[in-house]
Amino acid sequence: HVVTVELAVHALMRESSTSCDVTFEEEVKTQLSADFKEAVEHGVQSAYLQGPVLGFPVQGVKTVIQHVSMEPGTSAAMVSACVSRCMLKALKLAGGQVLEPVMALEISPSDEVLYVTSKVDRKTRFCLLQYHWLR
């Protein structure tokens, strides 16, 4: 299976855009069958959902599919995988950033509470943890 994909990735200029778009140049629209067009769109959406930075979803991006070519007998699944891989490389080169929410949390336990537990995963950091015992 050999698939060649040319695409362009741009930031969406709309304020606070959280969506992602995919469009095809006119020549590509007419060249691809409905099945392969759907496979290309699936590959782009897959890359949007599992972005290149820590696997976080991508937001505010527009992708333009400029050219797609494949050898006869290439499956739609192979096209989708190739487009997804191409997208991830393009997004990585674009240098995206992870936008994480930042919040301050204050916990004031009552006298009956002996301890506070929390689940910490790879996306969570505690910058400062203070305990205040009120009596």
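Heads up: the sequence shown at position 89 corresponds to 89 in the working numbering, and the numbers run straight through without jumps.
Positions of the beta carbon are idealized from the N, C-alpha and C atoms, including for glycine.
If one requires a minimum length of 4 residues, the alpha helix (DSSP H) runs lying completely within the region 28 to 73 are 34 to 49, in chain order. In this structure, the straight-line span from the alpha carbon of S33 to that of A39 is close to 10 Å.
Around T4, the same chain offers S69 as residues with beta carbons nearer than 6 Å, after the five sequence neighbours per side are excluded. Pairing A76 with D35 gives a Cβ-Cβ distance under 9 Å.
A81 has its alpha-carbon roughly 22 Å from the corresponding atom of G60. Beta-bridge analysis with DSSP links A8 to V64.
In the DSSP assignment, C20 is bridged to V61. DSSP lists M70 as the bridge partner or partners of V3.
Bounds of the alpha helix (DSSP H) holding S84 are 76 to 94.
The Cβ atoms of H1 and G73 sit closer than 9 Å to each other. By the beta-carbon neighbour count (other beta carbons within 10 angstroms, threshold 16), G43 is buried. The Cβ atoms of V83 and T23 lie no closer than 9 Å to each other. Counting of Cβ neighbours within 10 angstroms places G55 among the exposed residues, the total staying below 16. A residue is called buried once 16 or more other Cβ atoms fall within 10 Å of its Cβ, and G51 is buried on that count.
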